[in-house]
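Input: a single structure, listed below in structure tokens.
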Amino acid sequence: MRWALVKVSLAVTVMVVLAFALPLGMVIKEMARDRAFSNAERQAATIGPTLTVTTERRPLERAVESTPAGAVGRMAVHIPATGEAGSVPLEIGTRRAARKDLETVERIGRASITEVSGGSALLQPTAIGTGQIAVVEIFVPEGEVSNGVDTAWLVLAGVGVALIVGSVAVADRLGVRMVQPAQRLAGAAHDLGEGKLGARVPEEGPPELRSAAVAFNSMADQVVQLLANERELAADLSHRLRTPLTVLRLNAASLGESAAAEQTRAAVAQLEREVDTIIRTAREAKPQTAATGPGAGCDVSEVVRERMGFWSALAEDEGRKVRLAGVDRPVRIPVARPEVAAALDALLGNVFRHTPEGTAFSVDVHNGDDAVIVLVSDAGPGIADPAAAMARGNSGARDGSTGLGLDIVRRVAESTGGDVRIGSSVLGGTEVRIWIGLDPREASRAERRSGHRGRVGRRRKAALGRSRRDPSGLEH
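Numbering-wise (our numbering), the sequence shown opens with residue 62 and increments by one.
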């Protein structure tokens, strides 16, 4: 908008300057020409009284030399022959005009201007005592005809440039006054979209932009209030679970020292930790999915080993064969430990709920240069409609339902710029692939620029192809 205003102002000012400067320059040129020939007419008139008195050469030469034009050789006098025997035409000074032009002026008796070499000549007819017409010739150089015209043109050009520069400067200032509030509004909207809930816009500028700023600030305040209300509601609902959890913990403490009792107590303790995490997360301004700084996150290999240790007892009871790969060395990811554990529990819980007893499953961790891939595969019947399984809130009404479990997994992956895919596993059943980016900020920018395609997408496809060919063949 700013440059559009500058261009419009520039175009209008240039047209106005040209519309006034060109005619004014032509008028100045004509005025200089009229001034030069008026001066020539006055000098031609000074020789007229002498011509009425005498036509003798010597007096006329003295009279011509006494005039300013004659003194510099610009005046000539042409006297025709008297008609007496032996008389000849008399010429005083240097003739520049053509003979036929002189004869024409003698015949018609009216002054004329003719072009000659180096300028123009004024031919002024004057009556002499014999009744004939003498012609006084005044030479006007070209420089005298255009005297002062170049200076006038330079002055007009300077005034025009000054007007154009001033107009552009004023238009630019007006454009800045209009554009800056719009840019601040766009920047605040971008910040609000990135989760910076404190973004506000100064209510200034043109009336329309002030109204937009007021509406934006009101909307941002409502968003903050709604999010605060939701966080408080989630925290309150989670807090209500503490009472039944306390009862479960007391009952679990009285179960004795059997393996099942230990597992029950461990499950209750984990449930208490999850409830505490939900309460803390709900009361904070930002979710705790992504890492908050260098060194944050967790070791995904350690989390996988821990959660597989928890589920292995149930797998043994149901006769399921379990395989782990890629967890023999640390693999850090920028995701908080509770979030990774919740995602793994959701996927493993789906395996136990939706496959028959005795169905084998595996968990593979693949460590790449810019991402970590976690594959959870099983040998079950598979999922007929993966898109329906990924739909949030699908609680079993459709085949392959996973409720809210896959939504939890997806949020964990997308917080790092990754994603979740469902496909066929090498075991013959379902494979859930979690792509976790190692640089959440860079991955997020790449995703927005390419629309989940391009370089990152090609690397994901290549990594997925290698993992399907050989689930344990990547670097671990």
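The C-beta atom is built at its ideal place from N, Cα and C for all residues, glycine as well.
The model shown is predicted, which means the values in this text are computed figures rather than measured ones.
- Here the C-alpha atom of residue 81 lies approximately 16 Å from the C-alpha atom of residue 91.
- Here residue 186 carries a strand assignment [DSSP, helix/strand/coil].
- Per the coordinates, the alpha-carbon of residue 494 lies some 16 Å from the alpha-carbon of residue 402.
- Around the beta carbon of residue 378, fewer than 16 other beta carbons lie within 10 angstroms, which makes this residue exposed.
- Contact between residue 439 and residue 490 is confirmed by a C-beta separation of about 4 Å, below the 8 Å threshold.
- Residue 260 and residue 238 have their C-alpha atoms spaced approximately 21 Å apart.
- In the DSSP annotation of this structure, the continuous segment of the beta strand (DSSP E) that includes residue 434 starts and ends at 432 to 439.
- Judged by beta-carbon spacing, residue 422 lies beyond the 8 Å limit of residue 375, meaning their Cβ atoms are not closer than that value.
- Non-local C-beta neighbours of residue 200 in its own chain, meaning closer than 6 Å and more than five positions away in sequence, comprise 135, 157 and 182, ordered along the chain.
- A residue is called buried once 16 or more other Cβ atoms fall within 10 Å of its Cβ, and residue 476 is buried on that count.
- In the three-state DSSP reduction, residue 282 falls in the helix class (H, G or I).
- Going by beta carbons, residue 139 and residue 177 fall outside the 8 Å limit.
- When DSSP reads this structure, residue 469 sits in no beta bridge, so it has no partner.
- Per DSSP, residue 255 lies in no beta strand (DSSP E) segment and is marked neither H nor E.
- Per DSSP, reduced to three states, the secondary structure at residue 174 is strand.
- Out of 165, 186, 168 and 202, the CA that lies nearest to the CA of residue 179 is found in 202.
- Per DSSP, the beta-bridge partners of residue 425 are 386 and 436.
- Boundaries of the beta strand (DSSP E) harbouring residue 195: 194 to 202, taken from the DSSP string.
- Ranked by Cα distance from residue 236, the options 68, 486 and 473 are led by 68.
- When beta bridges are read from the DSSP output, residue 496 appears opposite 434 and 480.
- With fewer than 16 other Cβ atoms inside 10 Å of its own Cβ, residue 212 counts as exposed.
- Taking a C-beta distance under 8 Å as the contact criterion, residue 274 and residue 264 qualify as a contact pair.
- By the neighbour-count definition (other C-beta atoms within 10 Å, threshold 16), residue 373 is an exposed residue.
- Contact check between the stretch 415 to 429 and the stretch 387 to 397: three or more CB pairs, one atom from each, fall below 8 Å, which counts as touching.
- Secondary structure note for residue 444: it is in no beta strand (DSSP E), with a DSSP letter that is neither H nor E.
- In this structure, residue 424 and residue 365 form a Cβ contact; the two beta carbons are roughly 6 Å apart against a cut-off of 8 Å.
- Looking from the CA of residue 152, the closest CA among 130, 165, 78 and 119 belongs to 119.
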